[in-house]
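S.K.:
Number of protein chains: 2
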Amino acid sequence: MKSVGDERREIIKKILRENGVVYLKELEALFPDLSSMTLRRDLESLEKDGFAIKIRGGARSSGIDFTSTEQIYSHRAQQNLDAKRKIAQKALSYIETGRSVFLDSGTTVMELAKILPDVNLSILTSGPNIAIEILKKYNPTVNLIGGIINRNNLSVSGAHALNFVKSVNIDVAFMAPVGGSAEDGFSCGNYTEYEVKRAVVKKANKVIVLMDSSKLSHSLPFTFASLKEIDILISDARFDSEFLKAAKNAGVEVIMV
Amino acid sequence: MKSVGDERREIIKKILRENGVVYLKELEALFPDLSSMTLRRDLESLEKDGFAIKIRGGARSSGIDFTSTEQIYSHRAQQNLDAKRKIAQKALSYIETGRSVFLDSGTTVMELAKILPDVNLSILTSGPNIAIEILKKYNPTVNLIGGIINRNNLSVSGAHALNFVKSVNIDVAFMAPVGGSAEDGFSCGNYTEYEVKRAVVKKANKVIVLMDSSKLSHSLPFTFASLKEIDILISDARFDSEFLKAAKNAGVEVIMV
DNA sequence: TTAATTTCTGTGAAAAAATAACATAAAAAT
DNA sequence: ATTTTTATGTTATTTTTTCACAGAAATTAA
Chain A
69 MKSVGDERRE IIKKILRENG VVYLKELEAL FPDLSSMTLR RDLESLEKDG
119 FAIKIRGGAR SSGIDFTSTE QIYSHRAQQN LDAKRKIAQK ALSYIETGRS
169 VFLDSGTTVM ELAKILPDVN LSILTSGPNI AIEILKKYNP TVNLIGGIIN
219 RNNLSVSGAH ALNFVKSVNI DVAFMAPVGG SAEDGFSCGN YTEYEVKRAV
269 VKKANKVIVL MDSSKLSHSL PFTFASLKEI DILISDARFD SEFLKAAKNA
319 GVEVIMV
Chain B
69 MKSVGDERRE IIKKILRENG VVYLKELEAL FPDLSSMTLR RDLESLEKDG
119 FAIKIRGGAR SSGIDFTSTE QIYSHRAQQN LDAKRKIAQK ALSYIETGRS
169 VFLDSGTTVM ELAKILPDVN LSILTSGPNI AIEILKKYNP TVNLIGGIIN
219 RNNLSVSGAH ALNFVKSVNI DVAFMAPVGG SAEDGFSCGN YTEYEVKRAV
269 VKKANKVIVL MDSSKLSHSL PFTFASLKEI DILISDARFD SEFLKAAKNA
319 GVEVIMV
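Chains A and B, in that order, give the protein sequences. Quick note: the first sequence uses the numbering used here, first residue 69, plus one each step. Quick note: the second sequence uses the numbering used here, first residue 69, plus one each step.
This is the structure in structure tokens:
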């Protein structure tokens with residue numbers, strides 16, 4: 069699985085991580101005895117892997133921190149927009165006026181935020197971009213969890229975030245895992261974010277997981293909720309009978325969109 | 069401040085938001101009676117605004133959507149923009165690498181956020197839009213204060229915000245008052261926001277106030293800092309000798325841009 | 001080991017796209 | 001009404017990218 073230019077591409081990745089951008093000229097200077105075509109091909113391959121975005125004269129970092137397992141899949145996740153919308157639409161029916169609602173960070177939840185009805189709701193979220201989206205409406209009260217922000221997924225975590233969550237009441241929580249499976253439950257790739265999600269799951273009266281099919285059968289290091297701990301799973305995935313059986317045993321209502 | 073092609077660029081933004089990418093060919097088909105040069109220029113302008121990233125043959129969404137911010141601020145942000153920029157430019161010289169910096173919410177501070185150098189800084193802010201702006205850079209660590217968000221000025225406040233501020237150390241704080249005068253000091257119009265600002269002023273080693281001339285001689289109900297409590301005042305206002313005398317007595321360095 | 005196969009790299013021509021510079025039209029300001 | 005500014009169009013030039021093919025290097029199989 070390793071190949072000849074891997075080391076070179078690692079170096080390019082590093083530059084990309086540090087500077088956010090790399091130009092062909094730089095690379096040509098850095099690797100004087102390679103043809104620019106080879107370096108072009110490197111950028112191309114990095115783009116195919118979702119690490120870089122080619123721009124004129126070079127490439128930019130895709131913004132994904134590829135040192136963690138979690139984000140390796142995130143470029144793929146970006147593509148499932150249609151599924152995310154359907155999931156969000158379905159999720160909408162579980163939102164009741166006047167309730168206290170937690171919205172996790174993530175692109176699927178962002179779709180939900182966009183179509184949220186403009187009614188009296190108390191929203192709590194760990195995503196600053198989601199908070200701002202909801203502020204477009206007039207009626208919901210928006211509470212933003214504070215803490216350190218992960219620039220890769222615009223998610224807030226850390227000790228403050230954790231304390232915040234522990235001090236509030238949540239009727240219904242919409243959670244967005246990065247991975248999900250029957251055995252390992254719903255997981256993410258970052259410990260501090262796991263802590264926050266875990267705390268939310270414990271506090272919420274009802275937990276609804278929004279998961280598009282790209283997440284299925286991926287497991288990430290930190291499980292924030294087992295099947296037993298959630299109430300509803302909304303997904304576009306075609307679950308196999310084994311999964312559905314496990315869900316049924318755990319008392320989870322599975323909704324396929 | 070609105071300009072001719074704005075509507076067209078809104079459409080392009082929308083495409084970008086939906087598809088994540090847009091190609092010049094598409095745009096040429098969509099706007100058949102415009103030259104491709106104009107459309108190129110649109111993409112360029114969208115890139116300059118941080119909304120898009122140019123790629124060969126088109127542009128990709130930068131992933132950061134601050135439409136809502138723009139909408140909320142569209143009017144206010146344009147007022148005195150020139151002065152705000154000059155103030156921000158001046159403020160920049162008081163930011164040192166590696167320090168813990170508090171950035172208040174507000175449009176003047178937003179201008180500062182935009183031109184912040186991409187260096188190792190620990191940023192604490194009460195403005196979610198400011199946090200997102202800074203996340204465009206690679207190096208600063210961004211801490212966002214949590215709490216309830218005021219949809220009029222995108223500022224976070226409340227008990228959680230207050231606790232957060234009380235638990236952190238701040239080297240230098242950049243504050244944006246809504247009103248300022250020699251007698252009443254620097255003030256704002258909302259009690260919970262006052263509480264947070266007050267806490268910041270007490271904790272910060274150095275307090276720098278950024279105030280454009282439209283704020284001068286306005287007093288609002290809640291004074292979060294008296295002249296004595298601040299270190300530097302940066303403004304485009306033409307202060308009268310009485311004000312300058314009061315500032316001098318209070319040991320405030322007044323910088324007029 | 002050699003031979004076969006695959007992967008990686010180099011070259012240069014052709015195509016595509018981006019830029020720059022200048023001209024004109026439209027809009028805004030005075 | 002005029003000046004000034006902003007937006008757009010046109011064209012030529014430069015730069016970058018793509019493409020197709022050939023040779024080198026590495027890997028695998030025999």
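Using N, Cα and C, we set each Cβ at its ideal position, and we do this for glycine too. Remember, predicted model here, so these are calculated numbers, not experimental data.
Take A:I216 as the anchor and find which of B:S225, B:S223, B:R219 and B:A199 has the nearest alpha-carbon.
M.R.: B:A199
S.K.: Give the range of the alpha helix (DSSP H) segment to which B:D110 is assigned.
M.R.: S104 to K116
S.K.: By how many angstroms is the C-alpha of A:R219 removed from the C-alpha of B:F292?
M.R.: Rounded to whole angstroms, B:F292 to A:R219 spans 31 Å at the Cα level.
S.K.: Residues of chain B with CB under 9 Å from A:P289, in chain order?
M.R.: Those within 9 Å of A:P289 in chain B number zero; the least Cβ separation is about 23 Å.
S.K.: Beta carbons nearer than 7 Å to chain A: which residues of the segment 200 to 216 of chain B have them?
M.R.: I200, L203, Y206, T209, V210, N211, L212, I213, G214, G215 and I216
S.K.: Pairing CB atoms from the segment 155 to 175 of chain A with CB atoms from the segment 236 to 245 of chain A, are three or more of them under 8 Å?
M.R.: Yes, since at least three Cβ pairs between the segment 155 to 175 of chain A and the segment 236 to 245 of chain A fall closer than 8 Å, the two stretches touch.
S.K.: Report the rounded CA-to-CA distance for B:R128 versus B:G88, giving the unit in angstroms.
M.R.: 6 Å
S.K.: Using a cut-off of 8 Å between C-beta atoms, extract the partners of A:I121 located in chain B.
M.R.: Taking a Cβ-Cβ cut-off of 8 Å, the neighbours of A:I121 in chain B comprise I121, I123 and R128, given in sequence order.
S.K.: Would you mind reading off the limits of the alpha helix (DSSP H) that contains B:Y91?
M.R.: No alpha helix (DSSP H) contains B:Y91, which is instead part of the beta strand (DSSP E) from V89 to Y91.
S.K.: Tell me, to the nearest whole angstrom, how far the beta carbon of A:I276 is from that of A:I302; I am working on the premise that it is less than 8 Å.
M.R.: Right, their Cβ atoms sit about 7 Å apart.
S.K.: Applying a beta-carbon distance threshold of less than 7 Å, which residues of chain B neighbour A:F232?
M.R.: G214 and H228
S.K.: Contact defined as beta carbons within less than 8 Å: I believe A:L180 pairs with A:N197. What is the distance between those atoms, to the nearest angstrom?
M.R.: Contact flag wrong, Cβ pair sits at about 13 Å.
S.K.: On the three-state DSSP scale, how would you describe B:R219?
M.R.: coil
S.K.: Is there contact between the segment 106 to 120 of chain B and the segment 76 to 84 of chain B, where contact requires at least three CB pairs shorter than 8 Å?
M.R.: Contact check between the segment 106 to 120 of chain B and the segment 76 to 84 of chain B: three or more CB pairs, one atom from each, fall below 8 Å, which counts as touching.
S.K.: In chain order, what residues of the same chain have a beta carbon less than 6 Å from the beta carbon of B:L288, not counting five sequence neighbours either side?
M.R.: Excluding positions up to five away in sequence, the list reads V246, G247, S255, C256 and G257.
S.K.: Using a Cβ cut-off of 9 Å, pull out every chain A residue sitting near B:N197, in sequence order please.
M.R.: P196 and I200
S.K.: Against A:G174, what residues of chain B qualify as contacts under a CB-to-CB distance less than 7 Å, listed in chain order?
M.R.: By Cβ distance, chain B contributes nothing, its closest Cβ being about 13 Å from A:G174, past 7 Å.
S.K.: Which residues in the same chain have their Cβ closer than 6 Å to the Cβ of B:A145, if we skip the five residues on either side of it in sequence?
M.R.: With a pLDDT of only 46 at B:A145, under the threshold of 50, the placement of this residue in the model should not be trusted; the figure read from the coordinates follows. Here the set comprises T175.
S.K.: If you measure between the beta carbons of B:S225 and B:V264, is that distance less than 8 Å?
M.R.: yes
S.K.: Report the CB separation of A:S130 from A:F119 in whole angstroms; it is logged as a contact under 8 Å.
M.R.: 6 Å
S.K.: Could you name the residues of chain B that A:G166 contacts, counting a contact when the two beta carbons are closer than 7 Å?
M.R.: Near A:G166 there are no residues of chain B at all, since even the closest Cβ is about 17 Å away, more than 7 Å.
S.K.: Which residues of chain B have a Cβ atom closer than 7 Å to the Cβ of A:G88, listed in chain order?
M.R.: In chain order, Y206 make up the part of chain B whose C-beta sits under 7 Å from the C-beta of A:G88.
S.K.: For chain B, find out if any of its Cβ atoms is closer than 8 Å to the Cβ of A:V365; answer yes or no.
M.R.: Nothing can be reported for residue 365 of chain A: it is not among the residues displayed for chain A, which extend from 69 to 325.
S.K.: Name the chain B residues that come within less than 8 Å of A:V246, Cβ to Cβ?
M.R.: Within chain B, no residue comes near A:V246; the closest Cβ sits about 17 Å away, beyond 8 Å.
S.K.: Under three-state DSSP, which class holds B:I298?
M.R.: Note: B:I298 maps to coil in three-state DSSP.
S.K.: Can you name, in chain order, every residue of its own chain whose Cβ lies under 7 Å from the Cβ of A:Y91, other than the five neighbours on each side?
M.R.: G125 and G126
S.K.: Can you check whether the C-beta of A:V224 is within less than 8 Å of a C-beta belonging to chain B?
M.R.: yes
S.K.: Reducing DSSP to helix, strand and coil, say where B:V187 ends up.
M.R.: coil
S.K.: Just tell me which of B:K93, B:E94 and B:F99 has its CA closest to the CA of B:E75.
M.R.: B:F99
S.K.: Report yes or no: is there a C-beta of chain B within less than 8 Å of the C-beta of A:R76?
M.R.: no
S.K.: Taking Cβ-Cβ distances shorter than 9 Å, what residues in chain B pair up with A:R109?
M.R.: By Cβ distance, chain B contributes nothing, its closest Cβ being about 15 Å from A:R109, past 9 Å.
S.K.: Identify each residue in the segment 249 to 273 of chain B for which the Cβ-Cβ distance to at least one residue of chain A is less than 9 Å, and report them in chain order.
M.R.: none
S.K.: In the DSSP assignment, what residue or residues form a beta bridge with A:A293?
M.R.: A:F254
S.K.: Is it buried or exposed, B:P208, if we count other Cβ atoms within 10 angstroms and call 16 or more buried?
M.R.: buried
S.K.: Sort out for me which residues DSSP pairs A:L284 with in a bridge.
M.R.: A:G248
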